[in-house]
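*Asks:* FYI, the working numbering numbers position 104 of the sequence shown as 468, with every residue one higher than the one before it.
Have a look at this one before I ask anything.
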Amino acid sequence: MSARIADQPSSFLDGGLKAFLDAVPARTPAPGGGAVAAIAASLAAGLTAMAARFAPAEWERRAEVVGRAEELRARVEPLADADAEAYGAFMAERTDENVERIIAIPFELAEVAAEVAELAACVAAEGNPNVSGDAAAGADLAAAAASVGARLVRINASPGDERVEKARALAEKAAKAARGAEAANAKRS
Numbered sequence: 365m366s367a368r369i370a371d372q373p374s375s376f377l378d379g380g381l382k383a384f385l386d387a388v389p390a391r392t393p394a395p396g397g398g399a400v401a402a403i404a405a406s407l408a409a410g411l412t413a414m415a416a417r418f419a420p421a422e423w424e425r426r427a428e429v430v431g432r433a434e435e436l437r438a439r440v441e442p443l444a445d446a447d448a449e450a451y452g453a454f455m456a457e458r459t460d461e462n463v464e465r466i467i468a469i470p471f472e473l474a475e476v477a478a479e480v481a482e483l484a485a486c487v488a489a490e491g492n493p494n495v496s497g498d499a500a501a502g503a504d505l506a507a508a509a510a511s512v513g514a515r516l517v518r519i520n521a522s523p524g525d526e527r528v529e530k531a532r533a534l535a536e537k538a539a540k541a542a543r544g545a546e547a548a549n550a551k552r553s
């Protein structure tokens, strides 16, 4: 079973933004919350990298933060397609392998998004104050993506699966970072 609509490209990343936006409300099982959250986390990492690039040259962490944000963006982008494919496979056949995929992918999303939120909070606090709002926006988007990932893990995992608690903790860590980014942004405004 394909989770894609007929004229949808093979990857959400290959189509235009409008195509993705039109695919979300379509009466198809995917893209759903996981795919949308992966795109949001990718955008959050992009905002973080952009804001870090505007940091003063003397900020010692600038290159490190830009590089890590770009690595995380590259890691999370494919999760949009992976989540949609996993959910489509799960809807077609509820095998143990397909169940595992609809837990593992959102868990990875929560991991990446939590790290993005922390990087964004760092940039909001230490980077260029003229773009601290962009960094704070990245932290907010990343926190939302981590929350979605944690929720999907909780919904799909069996009772006692340790990833449920780990994902919840990652979402809370991301939310804390977003609150910190907002506080830093408020101080610098």
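Positions of the beta carbon are idealized from the N, C-alpha and C atoms, including for glycine.
All figures in this text were calculated on a predicted structure; none of them were measured in a lab.
Can you give me the Cβ contacts of ALA510 inside the same chain, cut-off strictly under 7 Å, excluding the 5 residues immediately before and after it?
*Replies:* Answer for ALA510: ALA474, ALA477, ALA478, ALA481, LEU534, ALA535, ALA538, listed in chain order.
*Asks:* Jot down the residue ranges of each uninterrupted alpha helix (DSSP H) in the stretch 485-537, minimum 4 residues, whole runs only, in chain order.
*Replies:* The qualifying runs are 496-520.
*Asks:* Consult DSSP for ALA419 and reduce its assignment to one of helix, strand or coil.
*Replies:* ALA419: coil per DSSP, three-state reduction.
*Asks:* Taking its Cβ as the centre, do 16 or more other Cβ atoms sit within 10 Å of ALA485, making it buried, or is it exposed?
*Replies:* It counts as buried.
*Asks:* Checking 8 Å against the spacing of the C-beta atoms, do PRO470 and LEU407 come in under that value?
*Replies:* Against a cut-off of 8 Å, the Cβ pair of LEU407 and PRO470 comes out as no contact.
*Asks:* To the nearest angstrom, how far is the alpha carbon of LEU436 from that of VAL463?
*Replies:* Each residue's alpha carbon lies about 25 Å from the other.
*Asks:* Just the Cα atoms here: how many angstroms apart are ALA489 and ARG465?
*Replies:* For ALA489 and ARG465, the distance between alpha carbons rounds to 36 Å.
*Asks:* Provide the residue span of the alpha helix (DSSP H) that contains GLU428, from first to last.
*Replies:* It spans 426-456 - the alpha helix (DSSP H) in which GLU428 sits, taken as one unbroken run.
*Asks:* What's the gap between the Cα of VAL388 and the Cα of ALA404?
*Replies:* The alpha-carbon atoms of VAL388 and ALA404 are separated by roughly 13 Å.
*Asks:* Return helix, strand or coil for GLY379, following the three-state DSSP convention.
*Replies:* Three-state result, GLY379: coil.
*Asks:* Do ALA399 and ALA448 have their CB atoms nearer than 8 Å?
*Replies:* Cβ distance < 8 Å, so ALA399 and ALA448 count as in contact.
*Asks:* May I ask you to report which of helix, strand or coil DSSP gives THR392?
*Replies:* THR392 falls in the coil class under three-state DSSP.
*Asks:* Taking its Cβ as the centre, do 16 or more other Cβ atoms sit within 10 Å of ASP460, making it buried, or is it exposed?
*Replies:* Under this definition ASP460 is an exposed residue.
*Asks:* Work out the CA separation of GLY396 and VAL363 for me, nearest whole Å.
*Replies:* Not covered by the structure: residue 363. The range shown for the chain is 365 to 553.
*Asks:* Kindly indicate which three-state DSSP category ALA367 falls into: helix, strand or coil?
*Replies:* Residue placement at ALA367 is poorly supported in this model, since its pLDDT is 43, which falls under 50; the coordinates are not used for a value here.
*Asks:* Helix, strand or coil for THR459 per DSSP?
*Replies:* Note: THR459 maps to coil in three-state DSSP.
*Asks:* Out of curiosity, what's the CA-to-CA distance linking GLY452 and ALA394?
*Replies:* So the two alpha carbons sit approximately 7 Å from each other.
*Asks:* Report the residue from GLY513, ASP386, ALA550 whose alpha carbon sits nearest the alpha carbon of GLU472.
*Replies:* Nearest of GLY513, ASP386, ALA550 to GLU472, Cα basis: GLY513.
*Asks:* Do ALA506 and ALA415 come within 8 Å of each other at the CB atom, strictly closer than that value?
*Replies:* Contact flag unset, no.
*Asks:* Spatial neighbours of LEU483 within its chain, please: C-beta separation below 7 Å, excluding the five flanking residues on both sides.
*Replies:* So the qualifying residues of the chain are THR412, VAL429, ARG432, ALA433.
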